[in-house]
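Enquirer:
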Amino acid sequence: MDWRDQGILLSSRRHGESAAIIEVFTREHGRHAGVVRGGASRKIAPILQPGAQLDVTWRARLEDHIGSYTVEPLRSRAAAALSDRQALAGLNAVTALLLFALPEREGHPVLYARSEALLDLLGDQDLWPLAYLQWELALLEEAGFGLDLSTCAVLGHGANDLSYVSPRSGRAVSRAGAGDWADRLLPLPPCLMGHGPAPDHEIAEGLRTTGHFLREHLAPAMGNKPLPEARQRFVDAFARRSAQG
Amino acid sequence: MSANREIEALIDMMARLPGLGPRSARRAVLHLIRKRSLLMTPLAELMRQVAASARECLNCGNIGTGDICEICASDKRANGMICVVEDVADLWAMERSGVFKGRYHVLGGTLSALDQVGPEQLRIPRLVDRVDSEGVTEVILALNATVDGQTTAHYIADQLEGRVTLTSLAQGVPIGGELDYLDDGTITAALNARRKV
């Protein structure tokens, strides 16, 4: 069995003295693990940094074997991120959430395209936070917990001041529809619906909302594993940057 | 190829060492047996002594033969600088260069979501204590230029921000390195850290 694909390196861990086991989010084959012979060597280890764009060829005798990869580097994203605290936190959050949420060997070409585009924006401090927020929405959608932000869950199409999200159903709620329940609902900033210039405080509100669904809906479906800490570190780093102006 | 049980057991144990496989372990054991008085007996004695006395320094995490390692015990090394490294092998590498004259702090790993290593599994709280108690003026973050290494460096920088001067090792072209053989990331880092000549 063999195939060739492009992918984003999600993780690499040493296997024995000279090999590494990597997990790659590939375009056609989804999250897929394999052994890289010599992956711990001085020549190959620098290539196998999370976020790297790789051209991979996977081979195994049987399909359910872990198999082995040969890798060719296409783009290294870690180098640009290492000295930038915010970018590095973002890179860690994306790779950790993909490892957390994606089932093995199941293609998600739409999410793959979104992830690749997001990681290519790494280091662009103006565009990255909003792009990341939109990517978390796409991740929830792909995992089956997408938010419905089209109409008010209470008043239907008549309401045009959508301001909240129901923490249970993930549906938008208008200000009028929320009534006395407003303080129990999650914020729905315009940037979450793709409107407006997306100032930092709106993005922070959006991350609070997506964070709720990642933590309370996605994580229990993953066997009640805790959400990766890398996501919270990114949110903290973003909050610190916002506070510094 | 046959040897008695004790020798086979020794070969099996040696083969577990890094860099050795069954064949090289067999050669090493054969060599030791041939040089019994010159190598094997003194080696066995030293191994027995080190096994009994080796321990982690309570202050910095270095490996020594006492509760406090020689570096931490030396007043000459108390120059207000602490170099933070990932593990003892990195400390030994720094000491080989002989350039750094301060003290060290060994974290014992890096933050890693994959291996579920959080700040509490590393010696970061102890580092914060040392900065306060040892009159430290500069902390050098000598962590690996990897995603995990630099994530840890940024985390430590956040913990120590405003208390002390924080620096990190430069990244770029190694001594004797040829540009043609460098990866893109190293060239990018070197170009970003260029300096006037």
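Line order of the protein sequences matches chains A and B.
If you're matching positions, the first sequence starts at 1 in my numbering and goes up one per residue.
If you're matching positions, the second sequence starts at 1 in my numbering and goes up one per residue.
Glycine included, each C-beta is placed from N, C-alpha and C at the ideal position.
All values reported here derive from a predicted model rather than from experimental measurement.
1) Name the chain A residues whose beta carbon is nearer than 7 Å to that of Q121/B?
2) By how many angstroms is the C-alpha of L147/A removed from the C-alpha of S166/A?
3) Determine, using beta carbons only, whether R85/A comes closer than 8 Å to chain B.
4) Counting C-beta neighbours from all protein chains within 10 Å, is the total for R184/A 16 or more, i.e. buried, or is it exposed?
5) Under 8 Å, Cβ to Cβ, is there at least one residue of chain B near A178/A?
6) What does a CB cutoff of less than 6 Å around E205/A pick up in its chain, not counting 5 residues either side in sequence?
7) For P103/A, would you say it is in contact with chain B, using Cβ-to-Cβ distances shorter than 8 Å as the test?
8) Give the residues of chain C in contact with P18/B, contact being defined as C-beta atoms less than 7 Å apart.
9) Relative to the C-alpha of H29/A, which candidate in E17/A, G38/A, F145/A and L102/A has its C-alpha closest?
10) Let me know if S133/B comes out buried or exposed under the rule of 16 or more other beta-carbons within 10 Å of its beta-carbon.
11) Could you tell me if M81/B is buried or exposed, where buried requires 16 or more neighbouring beta carbons within 10 angstroms of its beta carbon?
12) Give me the DSSP bridge partner(s) of W58/A.
13) What does the Cβ neighbour count give for N59/B, buried or exposed, with the cut at 16 atoms within 10 Å?
14) Take M222/A as the anchor and find which of P50/A, L140/A, A237/A and Q232/A has the nearest alpha-carbon.
15) To the nearest whole angstrom, what separates the beta carbons of L98/A and R31/A, a pair I think is in contact under 8 Å?
16) I want to see whether chain A comes within less than 8 Å of D183/B, judged by CB atoms only; does it?
17) Among R27/A, A60/A, V56/A and S68/A, which has the Cα closest to the Cα of H15/A?
18) Would you kindly check if the distance between the Cβ of V85/B and the Cβ of V106/B is under 8 Å?
19) For Q86/A, tell me which candidate among Q244/A, S242/A and F234/A has the shortest Cα-Cα distance.
20) Return yes when the Cβ of L155/A is within less than 8 Å of the Cβ of A138/A, no when it is not.
21) Name the residue from G61/B, A44/B, R5/B and A52/B whose alpha carbon lies nearest to the alpha carbon of R211/B.
22) Between the region 68-79 of chain A and the region 44-58 of chain A, are three or more C-beta pairs nearer than 8 Å?
23) Can you find a CB in chain A that lies within less than 8 Å of the CB of Q159/B?
24) Output the residue ranges of the beta strand (DSSP E) runs that lie fully inside the region 130-164 of chain B and measure 3 residues or longer, sorted by chain position.
25) Cα separation between R42/A and D183/B?
26) Beta-carbon of N224/A versus every beta-carbon of chain B: anything under 8 Å?
27) What does P129/A touch in chain B if you count any residue whose Cβ is under 8 Å from its own?
28) Is the CB of L82/A under 8 Å away from at least one CB in chain B?
29) With the cut-off set at 8 Å, would you say V36/A and A60/A are in Cβ contact?
30) Would A198/A be called buried (16 or more neighbouring beta carbons within 10 Å of its own) or exposed?
31) Is there a Cβ of chain B sitting closer than 8 Å to that of A79/A, yes or no?
32) Look up M222/A in the DSSP assignment and say whether it is helix, strand or coil.
33) Can you check whether the CB of I8/A is closer than 8 Å to the CB of L119/A?
34) If you run the structure through DSSP and keep just helix, strand and coil, what is L121/A?
35) Over the uninterrupted alpha helix (DSSP H) stretch that includes R31/A, give me the two end residues.
36) Just to confirm before moving on: does the CB-CB distance between G123/A and D64/A stay below 8 Å?
Expert: The short version:
1) Locating residue 121/B in the second sequence gives position 121, where the first residue counts as 1. Going along chain A, no residue has its Cβ under 7 Å from Q121/B, so there is no contact; the nearest lies around 12 Å.
2) Looking up residue 166/A in the first sequence gives position 166. Looking up residue 147/A in the first sequence gives position 147. Rounded to the nearest angstrom, the two C-alpha atoms are 9 Å apart.
3) Locating residue 85/A in the first sequence gives position 85, where the first residue counts as 1. Interface residue, yes.
4) Here the question's residue 184/A lines up with position 184 in the first sequence. Residue environment: R184/A is assigned as exposed (fewer than 16 neighbouring CB atoms within 10 Å of its CB, all protein chains considered).
5) Counting from 1 along the first sequence, the entry for residue 178/A is found at position 178. Not closer than 8 Å to any Cβ of chain B, the Cβ of A178/A fails to qualify, so no.
6) Position 205 of the first sequence, counted from the first residue, corresponds to residue 205/A. For E205/A, where only same-chain residues beyond five positions count, the Cβ hits under 6 Å are P187 and P189.
7) Against the first sequence, residue 103/A aligns to sequence position 103. Closer than 8 Å: no.
8) You won't find chain C in this structure, because its protein chains are A and B.
9) On the first sequence, residue 29/A is found 29 positions in, with the first residue counted as 1. For the residues E17/A, G38/A, F145/A and L102/A, the minimum Cα distance to H29/A belongs to L102/A.
10) Sequence index remark: in the second sequence, residue 133/B carries index 133 (1-based). Classification for S133/B: exposed.
11) What you label residue 81/B is simply residue 81 of the second sequence in a count that begins at 1. By the 10 Å Cβ count, M81/B comes out buried.
12) Your numbering for residue 58/A matches position 58 in the first sequence. Partner(s): W3/A and Y69/A.
13) Position 59 of the second sequence, counted from the start, is the residue given in the question as residue 59/B. Looking at its Cβ environment, which holds 16 or more other Cβ atoms inside 10 Å, N59/B is buried.
14) Against the first sequence, residue 222/A aligns to sequence position 222. The option with the nearest alpha carbon to M222/A is L140/A.
15) Here residue 98/A corresponds to residue number 98 of the first sequence, with the count starting at 1. Here residue 31/A corresponds to residue number 31 of the first sequence, with the count starting at 1. That belief holds up - the Cβ atoms of L98/A and R31/A are roughly 7 Å apart, short of 8 Å.
16) Counting from 1 along the second sequence, the entry for residue 183/B is found at position 183. It does: the Cβ of D183/B has a partner Cβ on chain A nearer than 8 Å.
17) Sequence index remark: in the first sequence, residue 15/A carries index 15 (1-based). Between H15/A and the set R27/A, A60/A, V56/A and S68/A, the nearest pair of CA atoms involves S68/A.
18) Stepping through the second sequence from its first residue, residue 106/B is reached at position 106. Stepping through the second sequence from its first residue, residue 85/B is reached at position 85. Yes, Cβ-Cβ distance for V106/B and V85/B is below 8 Å.
19) For this step, residue 86/A is matched to residue 86 along the first sequence. Among Q244/A, S242/A and F234/A, the Cα nearest to that of Q86/A belongs to F234/A.
20) Start at 1 with the first residue of the first sequence, and residue 138/A comes out as number 138. Start at 1 with the first residue of the first sequence, and residue 155/A comes out as number 155. By the CB criterion at 8 Å, A138/A and L155/A fall outside the cutoff.
21) Residue coverage of chain B in this structure runs from 1 to 197, which leaves residue 211/B outside it and unanswerable.
22) Result yes; three or more Cβ-Cβ pairs closer than 8 Å.
23) One-based indexing of the second sequence puts residue 159/B at position 159. Cβ-Cβ to chain A under 8 Å: no for Q159/B.
24) Counting whole runs of 3 or more residues, the region 130-164 of chain B contains the beta strand (DSSP E) stretches 138-141.
25) Indexing the first sequence from 1 puts residue 42/A at position 42. Indexing the second sequence from 1 puts residue 183/B at position 183. C-alpha separation (whole angstroms): 11 Å.
26) Looking up residue 224/A in the first sequence gives position 224. No, N224/A does not count as interfacial toward chain B.
27) Counting from 1 along the first sequence, the entry for residue 129/A is found at position 129. Near P129/A there are no residues of chain B at all, since even the closest Cβ is about 17 Å away, more than 8 Å.
28) To locate residue 82/A, count along the first sequence from 1; it is residue 82. Taking Cβ atoms only, chain B reaches closer than 8 Å to L82/A, which makes this a yes.
29) Looking up residue 36/A in the first sequence gives position 36. Looking up residue 60/A in the first sequence gives position 60. No. Outside cutoff.
30) Residue numbering aside, residue 198/A sits at position 198 when the first sequence is read from its first letter. Sixteen is the threshold: when 16 or more other Cβ atoms of the shown chains lie within 10 Å of the Cβ of A198/A, as they do, the residue is buried.
31) Residue mapping note: residue 79/A aligns to position 79 of the first sequence, counting from 1. Yes, because at least one Cβ of chain B sits closer than 8 Å to the Cβ of A79/A.
32) The residue given as residue 222/A occupies position 222 in the first sequence. In the structure shown, M222/A falls within a coil segment according to DSSP collapsed to helix, strand and coil.
33) Position 119 of the first sequence holds residue 119/A. Position 8 of the first sequence holds residue 8/A. In this structure, I8/A lies closer than 8 Å to L119/A by Cβ.
34) Translated into positions along the first sequence, residue 121/A becomes position 121. Coil at L121/A, not helix or strand.
35) Your numbering for residue 31/A matches position 31 in the first sequence. Per DSSP, R31/A belongs to no alpha helix (DSSP H); it is in the beta strand (DSSP E), G30 to V36.
36) If you number the first sequence from 1, residue 123/A lands on position 123. If you number the first sequence from 1, residue 64/A lands on position 64. Not a contact, by the Cβ cut-off of 8 Å.
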